[in-house]
Amino acid sequence: QVQVVESGGGLVQPGGSLRLSCAASGSTFSIIAMGWYRQAPGKQRELVAAITRGGSTNYADSVKGRFTISRDNAKNTVYMQMNSLKPEDTAVYYCNALGGGSWWGQGTQVTVSS
14 QVQVVESGGG LVQPGGSLRL SCAASGSTFS IIAMGWYRQA PGKQRELVAA
64 ITRGGSTNYA DSVKGRFTIS RDNAKNTVYM QMNSLKPEDT AVYYCNALGG
114 GSWWGQGTQV TVSS
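Here's what the structure looks like:
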């Protein structure tokens, strides 16, 4: 099994920045990709960004050019730098690890508001 724990959420003003971290533990050798999803109130969970073990990345159109996902394989940690945040980025952000199953964290709240 794999456990994932997110950190780094919070309250930020529009135009501000945050960095989310996701640390994986357990059977991390099985992980082939990790990603960030988000779910706003009343909306479905959506993929924000993902990165494979080899470093290939994928982004939602709504965050391209503003968010950057990266990973440190030695630390089994994935980061997402979020810049130029907008109120519509407000959501609970979840980390997912894929490999030998699909493993989710508990989520971290990101609120963009003045």
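Read in order, the letters of the sequence shown are residues 14 to 127 in the working numbering.
For glycine and all other residues, C-beta sits at the position ideal for the given N, C-alpha and C.
On a predicted model such as this, the values are computed, not experimentally measured, just so you know.
DSSP, read as helix, strand or coil, puts SER115 in strand. Annotation: the continuous beta strand (DSSP E) that includes GLN52 extends over 46 to 52. In the three-state reduction of the DSSP assignment, SER127 falls in the coil class. Take the alpha-carbon of SER75 and the one of PHE42: they are about 31 Å apart. Separation of the CB atoms of ILE45 and ALA37 is rounded to 12 Å, and the pair is thereby denied contact status at 8 Å.
Taking the Cβ atoms as the reference, GLN94 lies roughly 5 Å from ARG32, within the contact range of under 8 Å.
Counting only runs of 3+ residues, the beta strand (DSSP E) found wholly inside the stretch 35 to 106 occupies 46 to 52, 59 to 65, 70 to 72, 80 to 85 and 90 to 95, in chain order. CA-CA distance, GLY112 to SER34, rounds to 19 Å. Take GLY29, set aside five residues on each side of it, and the residues of its chain with a beta-carbon closer than 6 Å to its own are LEU98, in chain order.
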